[in-house]
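Sequence positions in the sequence shown follow the working numbering and run 4 to 398. Glycine included, C-beta positions come from ideal geometry on N, C-alpha and C. Heads up, the thing below is written out as structure tokens.
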Amino acid sequence: MKLSAPITGIAVLALGNLLSAQTPAKAGNMVEDVFKNVQALKGITADDFMGTMGIMSAAIGFCCSECHNNAGTDKVDWAADDNPRKVRARQMVQMVQKINRESFNNRQVVTCFTCHHGRDIPQQTPTYAMIYGQGPTEPDDVLTNMGGKQTAMDVINRYLEAIGGAANADKVHSYVATGTSIGFGGFGGGGKVTIYAKSPDMRTTRIEFAKETERPDSIRMTNGKTGWVKTPLAVLSEYQVTGNELSGARVDAMMAFPAQLKTMFTNLKLATPQGISDLPGPSSQTEQEKGAGIGQDRAVDVVQGTGPGGTLTTMYFAKDTGLLLRVVRYANTPIGRIPTQMDYSDYRDVGNGVKLPFHLTFAWLDGRDSIQLDKYQINATIPAGKFDTPESLVK
Ligand code: HEC
Ligand code: HEC
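Set out below in structure tokens:
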């Protein structure tokens, strides 16, 4: 029995840079168009499929190489190598779908994580330490409204007050923010970061590295209708964001303009308060984050709503300052929700009487970007083309 640590982005990143570049995935590409031997997870987009690989790995505590022999080398054959583990995992996908269909009226309530909890072989019997101990403390994904005098909108209004008032926030229609990326486990530090944002839902984050490093740029873009991601160190190095990931990217873009929080969600709930902390991480990143970051055991008010495209979104607002510290948004897949987490800290004045966060951490299943901004130009004119398909994909 092996109890492994949750996958860290590093393992996946490390393997990715050895992979030969694949052809960019084109508009709306479905798994059937991109991959050769997908039998169970059909009918979803290629990027949502890669999300299922990430969530499988995370749920079981595996690296890609534990189901795909030679992952991390150029000998890997993702499609043809149907080894016993991969075959077992495929059966598990079918089992999960059957359980949800037959026992839960097609509601997707059982996922890989339900049984596996980060282990390869699920635990079978409760231990006494657990019975007499604190018990599981992880909150549910879908939260319930706790009732009471305070509402979710009160917490949002308090946040808008804390950043300078809704009226001032409402006057911000675009910005260009610049800064530096902080490496994660030795990857991706020192890049020049530029964020272009335009209301209501356009946002591009570009990380450029000095020529000498020979590290290709990384880009995440959405213009509300489509999106592109270029992450050089991944299996799909460059692809169009479609399906649930596109809705999630729109949520990120809209939240760049805090005044929109009042209108962009339906079904708003105020859940039980929690304590949240900075993500644990390799010291190479956390060392440089001293002073910035959300800190440890911060007491937060928790608000949940449904964003564009049905994106379940949870927001954590500091009880002391009222500021938004964390957003987790979820994309649905046939085997469970894929979480993406953004942490915001180091709020400072950006002019126009508004405060915005200068420290951002963006964590997805196979990597993490941490950014320290040094400047926001509020209501700046965004140069043409910044929300278009990256040049490299047009060529
Ligand atoms: C728990 C086992 C498991 C892990 C861990 C896993 N995979 Fe998979 N992978 C599968 C299975 C099963 C399939 C086939 C899915 C199907 O038939 O629907 C697959 C298929 C794929 C394919 C499609 C290949 C083709 O052309 O048919 C790619 C690419 C892939 N995986 C990449 C990854 C990456 C990258 C990781 C790490 C982030 C990963 N996988 C982790 C089990 C796994
Ligand atoms: C209902 C509970 C349950 C769910 C849900 C579940 N599993 Fe499992 N899984 C098990 C059990 C139990 C075992 C061990 C079986 C045994 O010992 O033969 C197992 C074993 C495995 C193994 C083999 C591990 C090894 O190293 O021998 C893989 C891989 C696996 N599961 C993948 C998945 C994936 C991927 C999902 C989600 C698509 C999933 N499982 C969902 C219960 C579950």
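- Is the shortest distance between the beta-carbon of Glu215 and the beta-carbons of chain B less than 8 Å? Checking the listed chains, one finds no chain B in this structure; it contains a single protein chain.
- CB of Gly57 to nearest heavy atom of ligand 1: below 7 Å? yes
- Task: With a threshold of 16 other CB atoms inside 10 Å of the CB of Met133, please say whether the residue is buried or exposed.
- Result: exposed
- Where the beta strand (DSSP E) through Arg329 begins and ends: Leu327 to Thr336
- Query: Alpha carbon to alpha carbon, what distance is there between Gln299 and Thr181?
  - Reply: 27 Å
- Item | Backbone CA spacing between Arg223 and Leu163 [nearest angstrom] | 27 Å
- Query: Do Asn40 and Ala82 have their C-beta atoms within less than 8 Å of each other?
  - Reply: yes
- Query: Around the Cβ of Phe107, are there at least 16 other Cβ atoms within 10 angstroms (buried) or fewer (exposed)?
  - Reply: exposed
- Among residues of its own chain, excluding the 5 on either side of Lys45, which ones have a beta-carbon nearer than 7 Å to its beta-carbon? Val34 and Glu35
- Task: State the CB to CB distance for the pair Phe361 and Gln344, rounded to an integer number of angstroms; the pair is presumed to be in contact (CB under 8 Å).
- Result: Not quite, the Cβ-Cβ distance comes to about 18 Å (not below 8 Å), so this is no contact.
- Query: Could you give the distance in angstroms between the alpha-carbon of Val175 and the alpha-carbon of Gly192?
  - Reply: 30 Å
- Query: Can you tell me whether Asp352 is buried or exposed, with buried defined as 16 or more other CB within 10 angstroms of its CB?
  - Reply: exposed
- Message: For the beta strand (DSSP E) containing Pro360, name the first residue and the last one.
- Response: Lys358 to Trp367
- Task: Flag this pair as touching only if the stretch 302 to 313 and the stretch 263 to 278 have three or more C-beta atom pairs under 8 Å; answer yes or no.
- Result: yes
- Message: Just to confirm the assignment, what range does the beta strand (DSSP E) spanning Arg404 have?
- Response: Only positions 4 to 398 of the chain appear in this structure, which leaves residue 404 out of reach.
- So Pro203 packs on Met258, CB below 8 Å; how close in whole Å? Not really, about 11 Å apart at Cβ, beyond 8 Å.
- Give the C-beta separation of Ala62 and Gln97 to the nearest angstrom, bearing in mind that I take them to be a contact with Cβ-Cβ under 8 Å. So it is not a contact: roughly 16 Å between Cβ atoms.
- Item | Inter-residue CB distance, Met95 and Cys115 (contact presumed, cutoff 8 Å) | 7 Å
- Query: Can you name, in chain order, every residue of its own chain whose Cβ lies under 8 Å from the Cβ of Asn382, other than the five neighbours on each side?
  - Reply: Lys174, Val175, His176, Ser177, Tyr178 and Asn355
- Query: Near Gly325, which residues of its chain fall below 7 Å by C-beta distance, leaving aside the five closest residues on each side in sequence?
  - Reply: Arg161, Tyr162, Glu164 and Ala165
- Count the other CB atoms, across all protein chains shown, that sit within 10 Å of the CB of Asn32; report buried if there are 16 or more and exposed otherwise. buried
- Any heavy atom of ligand 1 closer than 7 Å to the CB of Trp81? yes
- Message: Any heavy atom of ligand 2 inside 7 Å of the beta-carbon of Ile124?
- Response: yes
- Message: On the CB-based measure, 16 or more other CB atoms within 10 Å of its CB, does Pro311 come out buried or exposed?
- Response: buried
- Residue range of the beta strand (DSSP E) that includes Glu378: This sequence places Lys at residue 378; Glu is not what is there. First-last of the beta strand (DSSP E) with Lys378: Gly370 to Ile381.
- Task: Determine the direct distance from the alpha carbon of Ser348 to that of Ile297, and round the result to whole angstroms.
- Result: 6 Å
- Query: By how many angstroms is the C-alpha of Phe212 removed from the C-alpha of Thr384?
  - Reply: 24 Å
- Would you give the residue range spanned by the beta strand (DSSP E) that Thr208 belongs to? Met205 to Glu211
- Task: Determine the direct distance from the alpha carbon of Ala155 to that of Met267, and round the result to whole angstroms.
- Result: 13 Å
- Leaving aside the five residues before and after Lys29 along the sequence, list all residues of the same chain whose C-beta is less than 7 Å from its C-beta, in chain order. Residue placement at Lys29 is poorly supported in this model, since its pLDDT is 49, which falls under 50; the coordinates are not used for a value here.
- In the DSSP assignment, find the alpha helix (DSSP H) that holds Pro103 and state where it starts and stops. Checking the sequence shown, residue 103 turns out to be Asn, not Pro. Pro87 to Ser106 is the span of the alpha helix (DSSP H), which, as asked, contains Asn103.
- Message: If you reduce the DSSP assignment to three classes, tell me which class Asp300 lands in.
- Response: coil
- Message: Determine whether the beta carbon atoms of Ile341 and Ile58 lie at a separation below 8 Å.
- Response: yes
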